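For reference, the structure discussed in these notes is given below.
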Amino acid sequence: MGGTLKNLTHLDRLEAESMHIMREVVADAERPVMLYSVGKDSAVMLHLAMKAFYPSKPPFPLLHVDTTWKFKEMIEFRDRRATETGLELLVHSNQEGIDAGIGPFTHGSALHTDVMKTAALKQALDKYKFDIAFGGARRDEEKSRAKERICSFRTAEHRWDPKNQRPELWNLYNTRIRQGESIRVFPLSNWTELDIWQYIRRENIDIVPLYYSAKRPVVEWEGTQIMVDDDRVPEELRKTAVEKSVRFRTLGCYPLTGAVESEADTLEEIIQEMLLTKSSERQGRVIDRDQSGSMEKKKQEGYF
Amino acid sequence: MSDQNSLLETDIRGYLEAHENKSLLRFITCGSVDDGKSTLIGRMLYDSKMIFEDQLDALESDSKRVGTQGENIDFALLVDGLTAEREQGITIDVAYRFFSTDKRKFIVADTPGHVQYTRNMATGASTADLAILLIDARRGVLEQTRRHAFIASSLGIRKLVLAINKMDLQNYEQSVFDDIESDFIEFAEELATGIEIQAIPMSALEGTNITTKSDKTPWYDGPSLMEYLETVPVDDDRLNAPFRLPVQYVNRPNLDFRGFSGQIPSGTVKVGDRVKTLPSAKETTVTRILSGDEDVQEAMAGESVTVCFADEVDTSRGDLICTAESPAQVADQFQARIFWMADDKMLPGRRYLMKIGSKTVTAQVNETKYRIEMSDLQDRPARDLSLNEVGVCTLSLDQAIPFDPYNEIRETGGFILIDRLNNNTVGMGMIDFALRRAGNIHWQSVDVNKEAHSAQKNQKPTVLWFTGLSGSGKSTIANALQKRLYSIDRHTYLLDGDNVRHGLNRDLGFTDADRVENIRRVSEVSKLMVDAGLITLVSFISPFRSERRMARNMVEDGEFVEVFVNTPLNVAEQRDVKGLYKRAREGKIKNFTGIDSPYEPPTEPEIEIDTTKVSADEAAEIIVDWMKERGMLG
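Here it is in structure tokens:
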């Protein structure tokens with residue numbers, strides 16, 4: 387019987403699994419939302435959602451937690467993709483944090499992330515009363531994520547209790563929750579960084595140009611090369627800016643995202659470079675190196 | 015690996031084309047840390063170059079600092095050694111790891127091997143195509159090995175790799191290997207049929223027979239572990255099984271399109287195929303298949319698709335689309351194997367939610383036929399199931415569902431049980447077969463019905479359910495109320511815990527399982543009395559919320575009135591009318607509610623009586639007023 391059919395490849399299977407998860411969770415949800423961070427994983431997740439519900443539109447809005455320190459190109463890309471897909475885009479920033487002038491240069495990465503990202507996300511989820519939030523996290527990103535479930539349960543206070551997570555059997559997901567509780571759902575759990583890039587290539591998925599190498603002004607800050615994206619970079623530091631061919635392996639707040647020197651300006655070259663350079667993608671993130679087990683701690687506090 | 019690397023450097027496009035067409039294999043590794051499981055997984059990750067430089071640096075420094083291999087790399091540190099996690103108590107879990115070679119991507123479910131972790135192994139095995147059973151060559155087939163093999167085969171895994179590890183410590187003696195292999199094969203014959211076993215002699219530490227065949231075992235003519243994993247066929251069974259599609263989602267963007275979305279667990283489907291939707295059993299023809307946003311002519315097991323029909327067949331989430339030639343069965347009573355995964359015991363009579371495919375129904379375990387002792391595969395008598403126990407049970411559902419026996423199709427025969435109060439996943443089950451009894455029981459429809467009975471008595475039939483601690487005053491209040499209702503010509507009956515235990519329930523004791531059965535029977539009796547038009551007073555400690563909810567669900571909305579007789583434990587104990595608290599405190603009565611067995615107070619009782627403030631007669635008057643206000647007394 388199977389003779390006439392092509393064999394399913396690993397990408398086909400990952401795609402089918404992610405679509406299954408999204409449909410299953412949405413079917414029982416009251417107010418689902420997709421956390422859209424504008425990065426490559428979000429791009430893949432959005433692409434999968436468009437497929438899973440075609441010819442309908444995905445029955446949920448996109449939510450971007452804007453720390454106000456994202457790269458300008460990310461914001462342009464975000465708005466363009468929302469228009470192209472026709473999905474509702476919700477943007478939330480922590481107004482208290484903005485009023486208090488919180489930023490990475492003045493308050494450090496930990497406090498900035500805590501206020502402008504973690505607290506802002508909780509505010510947004512409370513404001514719109516979302517019960518399901520899709521996120522693009524993968525199990526291969528970091529050791530502590532290897533045990534993360536596809537459906538991760540949070541209390542009404544958004545806390546993650548490691549001892550109170552449910553076993554996931556077959557492809558059956560138990561998404562029953564009580565009033566006020568919520569679930570973070572990770573449809574890309576079983577994808578690796580390489581799978582993501584291969585799928586972007588196969589499906590011709592649009593990604594933020596910052597992933598490709600180009601001449602960009604960079605400065606050295608806290609041991610990392612960061613891009614001068616606007617004039618909020620302290621003037622002393624800005625004076626030291628030099629033009630270099632750089633690109634980014636992950637995208638976040640521009641002062642917290644390390645640039646890598648590179649000439650890779652095609653997808654193939656990016657993948658080649660990734661496979662040959664052999665340093666894990668999260669290495670460029672300032673937040674992970676703050677303290678050991680920091681991701682575990684962040685997760686319990688409600689950060690992704 | 016080196017060929018791959020040169021291709022990577024010189025011809026990235028060629029490299030990517032090759033890697034895009036890889037297949038996927040999911041497997042589970044079973045064994046304890048001592049068997050070298052972590053070392054084996056770490057070695058596979060390392061050899062397939064899935065470790066980045068920053069991780070490798072950390073590994074090298076950790077190896078020197080805390081490793082067990084002197085100056086050499088301790089591969090085990092790659093996958094365990096997360097001491098912080100262990101302190102937090104979350105190692106009792108399944109970790110998923112990923113690596114790939116030229117031919118395949120692998121998803122590894124890595125589970126701890128101790129007895130108490132059966133739950134985790136079953137979780138990992140539920141999605142695995144293959145299991146690697148680690149055996150320490152010095153110790154041979156252990157009870158734990160048998161347990162792992164039993165779980166893997168129960169969950170439907172038909173390919174087992176017997177990884178006979180630490181052969182370096184046995185000087186790579188062939189006889190050691192042969193003895194262990196034949197020992198295991200003898201045991202495996204008692205497991206399910208059709209299991210393929212591949213035994214491989216290896217040393218994860220030295221890398222023997224992991225990626226390539228080693229000359230240290232010239233007597234071994236089988237494949238290396240990686241050779242086997244890269245080439246073992248998967249999915250044949252699924253493709254050859256009949257077509258099924260559990261409907262997850264009805265896609266209806268406009269009046270012109272109506273599609274049914276789901277992931278195909280088995281078989282293939284083509285445009286033009288005749289299909290049958292269950293449980294409605296209507297037949298139609300497939301007119302369109304969408305794989306994502308593309309129209310395709312056919313689709314196969316593993317794909318997530320959306321299909322359209324030629325006719326308007328009523329189909330919704332939870333239904334099962336089948337090939338018309340060989341549809342699934344439909345039934346509401348089953349025999350199933352159940353793995354229990356919660357700290358609270360599985361109790362016969364208690365109702366759980368059951369999720370199978372995309373369908374969720376209410377299920378009740380009727381009877382535990384026996385428990386299976388995993389180490390020797392022998393049956394043991396049992397009434398209930400505790401955490402990590404496996405039993406064969408009969409179940410009845412509140413509605414008929416489509417299904418296949420689990421050993422034919424996993425996804426349409428496997429289910430989870432969910433606790434209705436805390437929403438946790440408490441068990442997993444695999445349907446063996448349907449029980450046909452249910453089809454023969456038909457409710458008699460009678461003309462003199464509940465309405466007629468209650469009209470005759472000029473009252474609304476009701477269950478007044480008195481719950482509270484022993485000695486709280488339930489029976490005293492219920493008695494007072496019954497007299498009061500009799501005095502105004504109302505028709506009542508009082509079911510009292512003590513009295514019923516002398517008759518109908520005299521075979522029951524005070525274990526949790528018996529308490530549940532006790533309440534179930536009384537609930538059934540009160541349901542019959544409500545049917546007869548009576549105001550039924552039930553005076554039972556009934557300590558568990560879920561049983562009181564069960565009683566409530568048996569009658570119609572508004573017919574159940576929960577009366578919480580709220581007396582603090584110290585007051586009840588002080589009264590101690592029957593002298594029971596004293597005896598319980600002395601240890602002469604076991605499982606006494608409030609002392610060594612819990613009481614779960616109602617969260618939203620219709621009526622709450624504080625016996626420290628009102629007398630029994632006053633309480634009866636409060637209840638009569640409550641009923642009058644609601645028109646229950648005509």
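For the record, the sequence lines run as chains H and G.
Each position in the first sequence, counted from 1, maps to that position plus 386 in this note's numbering.
Each position in the second sequence, counted from 1, maps to that position plus 14 in this note's numbering.
Note that beta-carbon positions come from the ideal geometry of N, C-alpha and C, so glycine has one too.
Please read all numbers here as calculations on a predicted model, not as lab measurements.
State the Cα-Cα distance for the pair residue i and residue j, rounded to the nearest angstrom.
i	j	result
E643/G	I636/G	11 Å
G273/G	D333/G	13 Å
L551/G	D528/G	21 Å
S140/G	K456/H	41 Å
Q188/G	I149/G	15 Å
E482/H	S495/H	17 Å
R534/G	N421/G	33 Å
Q458/G	E465/G	Residue placement at Q458/G is flagged as unreliable, the pLDDT there being 40, under the threshold of 50; a coordinate-derived value is accordingly withheld.
V460/G	G485/G	Annotation note: pLDDT 44 at V460/G (below 50); position unreliable, coordinate value reported separately. Going from the Cα of V460/G to the Cα of G485/G covers about 41 Å.
E600/G	V585/G	18 Å
K426/H	L574/H	12 Å
E659/H	A402/H	28 Å
P215/G	I165/G	23 Å
L435/G	R564/H	9 Å
L394/H	P362/G	43 Å
L259/G	I335/G	5 Å
L96/G	A532/H	Any answer about L96/G is weak, because its pLDDT of 45 lies below 50 and its placement is not dependable; what the coordinates show is given next. Roughly 12 Å between the two C-alpha positions.
P419/G	E425/G	10 Å
A510/H	E579/H	28 Å
L183/G	L219/G	10 Å
E339/G	T299/G	12 Å
T115/G	I55/G	14 Å
T3/G	F112/G	The structure shown does not extend to residue 3/G, since chain G is modelled only from 15 through 648, so no value can be given for it.
R100/G	D48/G	Caution is warranted here: a pLDDT of 45 is assigned to R100/G, below 50, making its placement in the model unreliable, and no coordinate value can be reported.
V264/G	L421/H	24 Å
D617/H	F491/H	12 Å
L637/H	H498/H	16 Å
E157/G	F198/G	11 Å
Inspect the beta-carbon positions of residue i and residue j and report whether they are closer than 7 Å.
i	j	result
K119/G	H406/H	no
I423/G	S318/G	no
P441/H	T439/G	no
V175/G	N134/G	no
K369/G	I430/G	yes
D433/G	L401/G	no
I171/G	A145/G	yes
A377/G	Y366/G	yes
D143/G	R27/G	no
S294/G	D328/G	yes
Q11/G	R409/H	The structure shown does not extend to residue 11/G, since chain G is modelled only from 15 through 648, so no value can be given for it.
Considering Cα atoms alone, identify which of the options is closest to residue i.
i	options	result
T494/G	I224/G, E425/G, V155/G and E632/G	With the sequence shown as reference, residue 494/G is identified as Ala, and Thr is not the correct amino acid for it. With distances taken between Cα atoms, A494/G lies closest to E632/G.
G521/H	D592/H, E416/H and V411/H	V411/H
D526/H	E543/H, I518/H and R535/H	R535/H
E622/G	L253/G, S52/G, M368/G and W640/G	W640/G
I415/G	E561/G, Q343/G, Y263/G and T125/G	Q343/G
V310/G	G316/G, S294/G, V289/G and V283/G	V283/G
D270/G	R302/G, A255/G and D287/G	R302/G
A313/G	S330/G, P293/G, S294/G and T337/G	T337/G
I445/G	A255/G, T525/G and D346/G	D346/G
Is there at least one non-hydrogen atom of the ligand NAD closer than 6 Å to the beta-carbon of residue i?
i	result
A542/H	Among the ligands in the structure shown, none appear at all, so the ligand NAD cannot be discussed.
### Message
Give the list of continuous beta strand (DSSP E) stretches no shorter than 3 residues that lie fully inside the stretch 451–536 of chain G.
### Response
Listed in chain order, they are 476–481 and 506–510.
### Sequence ranges, alpha helix (DSSP H) only - wholly within the stretch 421–458 of chain H, length at least 4
Counting only runs of 4 or more, we get 426–439.
### Cβ contact (3+ pairs, closer than 8 Å) linking the stretch 235–242 of chain G and the stretch 314–329 of chain G
The answer is no - the stretch 314–329 of chain G does not touch the stretch 235–242 of chain G, with fewer than three Cβ pairs under 8 Å.
### Query
Curious, which full-length beta strand (DSSP E) runs of at least 3 residues does the stretch 247–275 of chain G contain?
List check, beta strand (DSSP E) in window: 258–260 and 263–268.
#### Entry: Whole beta strand (DSSP E) elements within the stretch 117–170 of chain G, 3-residue minimum
Counting only runs of at least 3 residues, the stretch 117–170 of chain G fully encloses the following beta strand (DSSP E) elements, listed from N- to C-terminal order: 118–124 and 144–150.
#### Entry: Whole beta strand (DSSP E) elements within the stretch 451–500 of chain H, 3-residue minimum
Taken in chain order, the unbroken stretches of beta strand (DSSP E) that lie wholly in the stretch 451–500 of chain H and span 3 residues or more are 475–478.
### Task
Determine, using beta-carbon pairs with one atom in the stretch 592–599 of chain H and one in the stretch 624–633 of chain H, whether at least three such pairs fall under 8 Å.
Contact holds: three or more Cβ-Cβ distances are below 8 Å.
### Message
Does the contact criterion of 3 or more C-beta pairs under 8 Å hold for the stretch 191–204 of chain G versus the stretch 393–403 of chain G?
### Response
They do not touch, by the three-pair rule.
### Message
Ignoring anything shorter than 3 residues, give me the beta strand (DSSP E) runs that lie fully in the stretch 322–387 of chain G, in order along the chain.
### Response
Restricting attention to beta strand (DSSP E) runs no shorter than 3 residues, the stretch 322–387 of chain G encloses them at 334–337, 343–354, 365–370 and 373–387, ordered along the chain.
### Message
Contact between the stretch 470–484 of chain H and the stretch 612–629 of chain H is defined here as three or more beta-carbon pairs at a separation below 8 Å; is this criterion met?
### Response
Counting Cβ pairs under 8 Å, fewer than three are found: no touch.
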